[in-house]
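Colleague: Here it is: the structure, laid out below.
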Amino acid sequence: MRHSTMLRIGPVGFRVGSDWRAPVATLNELYRDYPQPDIPDFNVRLFAARPWRRWVRPSVHIAGDFVLPESAPLPLAQGLLAAEMGMNLQMALGQRRYLLLHASGVERDGKALLMTGESGAGKSTLAALLMTRGWRLLGDEFVLIDPATGMAHGFPRLISLKNEAIAVMARAAPEGRWGPMLTDTPKGTIRHLVPDARAIAAMDRPARPALLLFPNFGFDAAERTVPASECFVRLTQASTNYVALAEPGFDALATLVRSIPARAIDYPDTTSALASVERLWDALA
Amino acid sequence: MSGALLAAVLRDPARAERLDAAGWTALLGVARAEQLIGSLAWRLDGLAKPAAACGILADARAAAEHGRTAALWEAEMARRALGPAGIPVVLLKGTAFVATGLSAGQGRQIGDLDILVPRDRIDEAESALLTAGWEWVKPDPYDDIYYRRWMHELPPLIHHERDRMIDVHHTILPLTARITPDAAALIDSRVALSNGLFVLPPEGMIVHAAAHLLADGDLQGGLRNLWDIRCLLDEFGEDATFLDRLAACAAQHGLTREVQRALRLSAHLFGDGGRLTVADRLYVRRLLARDGWGQPTRKLIELAFYLRGHWLRMPPLMLARHLWTKWRKDKEAR
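Here's what the structure looks like:
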């Protein structure tokens with residue numbers, strides 16, 4: 009590949025190669041404080057399907073060690089998004105060491121708060137807001153559970169904020185470092201926020217899961233205890249490698265849902281959500 | 027070229043101890059692309075490795091182990107579907123290796139379940155599988171007729187609950203190919219396993235692997251097929267009479283040329299060397315055409331083998347008609 013870079017996020021090393029300079033330059037700038045792996049766990053390739061498409065209407069195809077058939081290419085202006093999607097894809101399809109939960113996570117006093125939900129439920133935004141209020145960010149997209157220890161390992165990649173959440177976070181983190189504003193992506197407008205220095209410095213330190221929340225944005229404030237059985241089923245759906253891990257995956261998930269309390273919280277706005285989170289954490293974690 | 031690096035390390039695992047980080051990165055990348063990373067992990071077992079490589083290879087072994095369990099379960103499901111009707115199920119390729127506990131199965135990545143059944147029972151087998159929860163993958167009527175008329179297998183079936191594919195073969199090469207193996211003799215040579223399933227004898231496994239690698243298709247993923255052959259030879263070749271049996275089996279199915287070439291390629295890439303013909307060298311170039319990112323290289327050779335694959339598969343007029351139909355359908359789809 010013409011251009012390439014390496015970066016490590018939590019316990020996972022990536023090598024990203026590209027036919028264009030720009031996506032690699034953006035990655036290098038935004039991930040400048042992250043360590044580099046010697047030998048990466050996964051490779052991501054951003055390439056032009058035909059040689060001339062490097063210049064003529066350049067469109068970025070995503071591939072790597074693990075690929076989905078027929079994923080749509082992105083315009084070169086969204087090269088950063090392509091790289092992030094490529095890395096997420098390697099994790100979703102190829103990760104075998106950790107049980108992968110599609111969840112955000114934050115840590116306080118060595119204990120982890122995990123938040124999971126459908127896209128749009130607000131898990132990224134809530135995790136980013138908690139990061140600005142003294143919590144250590146574990147990650148906004150994936151939390152990695154070690155089947156051997158039950159500990160939650162962080163994966164603090166760039167925080168992917170969408171649409172209205174971008175302005176919310178710009179107010180909450182005025183000092184934050186940001187990637188370019190990406191408009192007209194398949195998911196609307198996206199902008200990436202670099203996790204704070206603390207999240208990056210402590211990314212190798214796992215935390216003991218202590219509370220599981222299922223936030224849901226856009227409803228009147230409400231709260232419900234979620235039984236372990238329901239948590240189990242919802243987390244099997246929120247894990248891309250639960251089936252691939254087979255018995256260790258089952259054991260890790262069963263242990264997790266039995267050992268920590270879980271609540272579903274509906275919230276009309278972030279202020280109310282943050283208040284619920286702090287109250288539940290003080291009461292349960 | 028990194029394909030050559032992978033072959034060299036598979037041949038002589040101690041070479042891995044001299045690799046730097048960039049060398050390991052390329053080795054692991056190309057091993058993944060060739061679906062040989064599980065086999066590589068087994069091959070490098072017990073050698074000193076950098077911690078990161080250790081972790082990646084341990085993951086690959088765990089994935090292969092899970093794949094083995096799932097493959098054996100699929101085989102058992104096929105036995106339950108076909109056994110009651112008295113249809114013998116002969117396992118092929120990866121599933122056969124792991125069911126027999128062969129070294130070729132160690133770390134072997136296994137995708138679909140490939141089985142061989144007698145041709146006169148193929149309709150029965152199909153309806154038994156449909157009853158047991160498998161369904162057709164390709165709804166396209168042209169493809170369906172093409173498979174039934176010209177191929178050596180049923181159109182692929184997928185199980186609606188387990189999402190796993192089964193390829194039900196009635197012989198080992200397409201009916202349109204110029205070489206016509208004696209499928210009935212292959213099935214008669216089957217060896218019973220204790221669980222009610224069957225496999226081909228070792229010489230049959232090698233003949234099938236050589237046919238698949240060299241008389242069918244475009245050599246994509248061919249390095250893994252050749253590694254299968256090398257492992258089978260390594261395991262059975264000690265027996266002085268084995269090579270005679272292999273030669274007799276190859277001759278019986280009209281595959282002497284392919285088996286001899288497979289032996290030469292295996293000796294060259296994974297064994298003690300040996301002489302190659304000029305044509306052999308082209309095969310080697312095609313088999314090793316990967317860079318350190320796992321990307322295919324040598325586009326021209328790839329294209330040449332792609333065309334050769336089709337040429338082997340069908341007579342010229344039929345090929346022209348087939349490609350024309352495919353091109354038209356492709357255009358309509360877009």
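Each protein sequence line maps, in turn, to chains E and Y.
The numbering of the first sequence is this note's numbering, which starts it at 9 and goes up by one.
The numbering of the second sequence is this note's numbering, which starts it at 27 and goes up by one.
For every residue, glycine included, the Cβ atom is placed at its ideal position computed from N, Cα and C.
Could you pull out every residue in the same chain whose Cβ sits closer than 6 Å to the Cβ of N96/E, ignoring the five residues on either side in sequence?
Modeller: There are no such residues.
Colleague: Please go through the region 90-119 of chain E and give each complete beta strand (DSSP E) segment of 3 or more residues, from N-terminal end onward.
Modeller: Within the region 90-119 of chain E, the complete beta strand (DSSP E) runs of at least 3 residues are 107-116.
Colleague: Can you pull the chain Y neighbours of M9/E, defined as C-beta to C-beta under 7 Å?
Modeller: Residues of chain Y passing the Cβ test: W319.
Colleague: When the cut-off is 8 Å and only beta carbons count, does N51/E lie next to chain Y?
Modeller: Yes, its Cβ sits closer than 8 Å to a Cβ of chain Y.
Colleague: I'd like the list of long-range same chain contacts for I205/Y, defined as Cβ closer than 7 Å, with 5 residues on each side in sequence excluded.
Modeller: Answer for I205/Y: L199, A241, G280 and L281, listed in chain order.
Colleague: Verify the CB distance criterion: does G297/Y have a CB-CB separation below 8 Å to chain E?
Modeller: Output row for G297/Y: interface = no.
Colleague: Please list, in chain order, all residues of the same chain as M340/Y whose beta carbon is under 6 Å from its beta carbon, the five residues on each side excluded.
Modeller: T202.
Colleague: Starting from the beta carbon of D46/E, find every residue of chain Y whose beta carbon is closer than 7 Å, and list them in chain order.
Modeller: Those within 7 Å of D46/E in chain Y are A47, P76 and A78.
Colleague: Could you check which residue in R175/Y, G131/Y and E102/Y has the C-alpha nearest to that of L66/Y?
Modeller: For the residues R175/Y, G131/Y and E102/Y, the minimum Cα distance to L66/Y belongs to G131/Y.
Colleague: Let's see if you can read the secondary structure: which residues bound the alpha helix (DSSP H) around W60/E?
Modeller: Neither: W60/E is in no alpha helix (DSSP H) and is coded neither H nor E.
Colleague: Would you mind listing the beta strand (DSSP E) stretches within the region 254-293 of chain E that are 3+ residues and don't spill past its ends, in chain order?
Modeller: Within the region 254-293 of chain E, the complete beta strand (DSSP E) runs of at least 3 residues are 270-275.
Colleague: Should I171/Y be labelled buried (16 or more other beta-carbon atoms within 10 Å of its own) or exposed?
Modeller: Its Cβ having fewer than 16 others within 10 Å, I171/Y is exposed.
Colleague: Going residue by residue through the region 117-146 of chain Y, where are the continuous alpha helix (DSSP H) segments of at least 4 residues, counting only ones entirely within it?
Modeller: For the region 117-146 of chain Y, whole alpha helix (DSSP H) runs of length 4 or above, ordered along the chain, are 119-126.
Colleague: Is I141/Y closer than 8 Å to D196/Y when the C-beta atoms are compared?
Modeller: First, the residue type needs correcting, since residue 196/Y is His and not Asp in the sequence shown. No, Cβ-Cβ distance for H196/Y and I141/Y is not below 8 Å.
Colleague: Got a sec: which bits of the region 80-93 of chain Y sit with their beta carbon under 7 Å from any beta carbon on chain E, in order along the chain?
Modeller: Cβ contacts with chain E come from G81, I82, D85, A88, A89 and H92.
Colleague: Let me check one thing: in DSSP terms, what residues is P83/E bridge-paired to?
Modeller: Bridge partners of P83/E: S67/E.
Colleague: Can you find the residues in the same chain that come closer than 6 Å, C-beta to C-beta, to R216/Y, ignoring five residues on each side of it along the sequence?
Modeller: Within the same chain, R216/Y has close Cβ partners V116 and F224.
Colleague: Inspect the beta-carbon positions of H110/E and F163/E and report whether they are closer than 8 Å.
Modeller: The answer is no: Cβ separation not under 8 Å.
Colleague: Please report whether the beta-carbon of R134/Y lies at a distance below 8 Å from any beta-carbon of chain E.
Modeller: So, not an interface residue.
Colleague: Could one say the Cβ of T51/Y lies closer than 8 Å to chain E's Cβ atoms, at least one of them?
Modeller: For T51/Y, the answer is yes, since a Cβ of chain E falls inside 8 Å of its Cβ.
Colleague: In chain order, which beta strand (DSSP E) runs of at least 3 residues are fully inside the region 111-163 of chain E?
Modeller: Taking only runs of at least 3 residues, the beta strand (DSSP E) segments lying wholly in the region 111-163 of chain E are 119-124, 144-147 and 150-153.
Colleague: Got a sec? Which residues, its chain only, sit under 6 Å from A122/Y by beta carbon, not counting five neighbours each side?
Modeller: V225, listed in sequence order.
Colleague: Using 8 Å as the threshold, is the C-beta distance between R10/E and P48/E below it?
Modeller: No, the pair does not count as a contact, with Cβ atoms beyond the cut-off.
Colleague: Please list the terminal residues of the continuous beta strand (DSSP E) segment that includes D298/Y.
Modeller: Neither: D298/Y is in no beta strand (DSSP E) and is coded neither H nor E.
Colleague: So with CB distances below 9 Å, who are the chain C contacts of G300/Y?
Modeller: Of the protein chains in the structure, E and Y, none is chain C.
Colleague: At a cut of 8 Å, does the region 98-105 of chain Y reach the region 258-268 of chain E through at least three beta carbon pairs?
Modeller: No, the region 98-105 of chain Y is not in contact with the region 258-268 of chain E.
Colleague: Using the Cα positions of P188/E and R37/Y, report the straight-line distance between them to the nearest angstrom.
Modeller: Using only the alpha carbons, I get a separation of about 48 Å.
Colleague: Taking 8 Å as the threshold (beta carbon to beta carbon), is G196/E in contact with chain Y?
Modeller: So, not an interface residue.
Colleague: Span of the beta strand (DSSP E) holding I205/Y?
Modeller: Element bounds for I205/Y: n/a, residue is neither H nor E.
Colleague: How many angstroms separate the CA atom of S220/Y from the CA atom of T248/E?
Modeller: Looking at the two C-alpha atoms, the distance is approximately 36 Å.
Colleague: Would you call the region 262-281 of chain Y and the region 310-326 of chain Y touching, i.e. three or more CB-CB distances under 8 Å?
Modeller: They do not touch, by the three-pair rule.
Colleague: For the beta strand (DSSP E) that V194/Y lies in, which residues bound it at each end?
Modeller: Where V194/Y is concerned, the enclosing beta strand (DSSP E) stretches over M191 to H195.
Colleague: Thinking just about the alpha-carbon of each residue, which of A252/E, W289/E, A229/E and L253/E is nearest to the one in D277/E?
Modeller: With distances taken between Cα atoms, D277/E lies closest to A229/E.
Colleague: Assess contact between the region 85-92 of chain E and the region 223-238 of chain E, defined as three or more Cβ pairs (one per stretch) separated by less than 8 Å. Is contact present?
Modeller: No, because fewer than three Cβ pairs between the region 85-92 of chain E and the region 223-238 of chain E fall closer than 8 Å, the two stretches do not touch.
Colleague: Per DSSP, W160/Y forms a beta bridge with which residues?
Modeller: W160/Y is bridged to H185/Y.
Colleague: Check whether the Cβ atoms of L53/Y and L45/Y sit closer than 8 Å, and answer yes or no.
Modeller: In contact: L53/Y and L45/Y (Cβ atoms closer than 8 Å).
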